[in-house]
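Residue numbers (the working numbering): 26 to 304. Using N, Cα and C, we set each Cβ at its ideal position, and we do this for glycine too. Quick notes on the structure that follows.
Written as structure tokens, this is what we have:
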């Protein structure tokens, strides 16, 4: 059996400097174990499978797998999946593309050369308890005085978000992967107009403590939940740009816009590999 296969670069217009995603279309005939095995084999942070929708308002359904588990929602897989679905001839029922996933319905819209998704509701918010915060600080080799604030920012993967003083502080983090096991940590710090430039407002990093531990190049789900937190608290304006992946030699750009009650998380998506996958 041959199925359409695409590998796309998400959240960057520069070749091979975003976050790669593998997408398999027409995957309705695949079993759970086959999907998990393929995602483990691609060895990318996420692999998605496009299926027929079950919700009447959805244009397609997506299942999102890491090499180790399935996620109810993730950001760069949402943009990449919507892009591939549309590039393979998908036509939306309304003005937006409506994705169905484990977290429910997620609207996706196209503007010029970018796609953006509406940040889904967070499953967990609020201050971080002392024990959880102590574990996070140990994993990031930080002291309590190094952070300005910490909040739960979980919209599916389980993110905890920490706000540091500056971009320089963000880039200086050298995690202890052993102590980070089991944690999903995001950190954000403001750019300085004079030293860093004025075209970007925040630097973001994401640390994932499963397997041996790894840093995600560009993370849509984390940026979505962070945007909700930062805009609600007055730390960020209603429209800003965040960069991520700097320490990994990537050039991720995440474009955030608050439009009415929704916060839209956008970025570029480009196809890098097109073909079929043989099962």
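Query raised in the report: Taking DSSP as the reference, what is the three-state secondary structure of residue 171?
Result: As a working mapping, residue 171 is identified with position 146 in the chain shown. Correct three-state label for residue 171: helix.
Requested in this report: Ignoring anything shorter than 3 residues or poking outside the region 115-189, list the beta strand (DSSP E) runs there in chain order.
Outcome: 122-126, 129-136, 139-143, 172-177, 185-189
Report task. Going by CA-CA distance only, name the one from 286, 266, 276, 212 that's closest to residue 257. Result -> As a position in the chain shown, residue 257 is number 232, starting the count at 1. Residue 257 has its Cα closest to that of 286, out of 286, 266, 276, 212.
Requested in this report: Check each candidate in 138, 134, 153 and name the one with the smallest Cα separation from residue 144.
Outcome: Sequence index remark: in the chain shown, residue 144 carries index 119 (1-based). Closest by alpha carbon: 134.
Query raised in the report: Got a sec, what are the start and stop residues for the alpha helix (DSSP H) residue 255 sits in?
Result: Looking up residue 255 in the chain shown gives position 230. Segment 245-257, the alpha helix (DSSP H) holding residue 255.
Query raised in the report: Hey, how far is the Cα of residue 312 from the Cα of residue 96?
Result: Nothing about residue 312 can be read from this structure; the chain reaches only from 26 to 304.
Query - Sufficient close CB pairs (3 or more, under 8 Å) joining the region 209-217 to the region 157-177 - result: yes
Report task. Taking only heavy atoms of the ligand SAM into account, decide whether any of them is closer than 8 Å to the Cβ of residue 231. Result -> Ligands in the displayed structure: none, and consequently the ligand SAM is not present.
**Report entry** Neighbourhood of residue 226 by C-beta distance below 8 Å, restricted to the same chain and skipping five residues each side
**Finding:** In the chain shown, counting from the first residue as 1, residue 226 sits at position 201. Closer than 8 Å at Cβ, skipping near neighbours: 215, 216, 261, 262, 265, 266, 267.
Query - Same chain, Cβ closer than 7 Å to residue 233, neighbours up to 5 away in sequence not counted - result: The residue given as residue 233 occupies position 208 in the chain shown. Hits under 7 Å: 209, 239, 241.
Query raised in the report: Buried or exposed: residue 185, going by 16 or more other Cβ atoms within 10 Å of its Cβ?
Result: One-based indexing of the chain shown puts residue 185 at position 160. Per the 10 Å Cβ criterion, buried.
Query - Contact check, residue 243 vs residue 37, beta carbons under 9 Å - result: Indexing the chain shown from 1 puts residue 243 at position 218. Indexing the chain shown from 1 puts residue 37 at position 12. Taking 9 Å as the Cβ cut-off, residue 243 and residue 37 qualify as a contacting pair.
Query raised in the report: Which same chain residues, not among the five before or five after residue 172, have their C-beta less than 8 Å away from its C-beta?
Result: One-based indexing of the chain shown puts residue 172 at position 147. If we look at residue 172 and ignore the five residues flanking it on each side, its Cβ neighbours are 162, 187, 188, 189.
Query - Touch test, the region 152-159 against the region 111-120, Cβ-Cβ under 8 Å, three pairs minimum - result: no
Report task. Count the other CB atoms, across all protein chains shown, that sit within 10 Å of the CB of residue 41; report buried if there are 16 or more and exposed otherwise. Result -> In the chain shown, residue 41 corresponds to position 16, counting from 1. With fewer than 16 Cβ atoms within 10 Å of its Cβ, residue 41 is classed as exposed.
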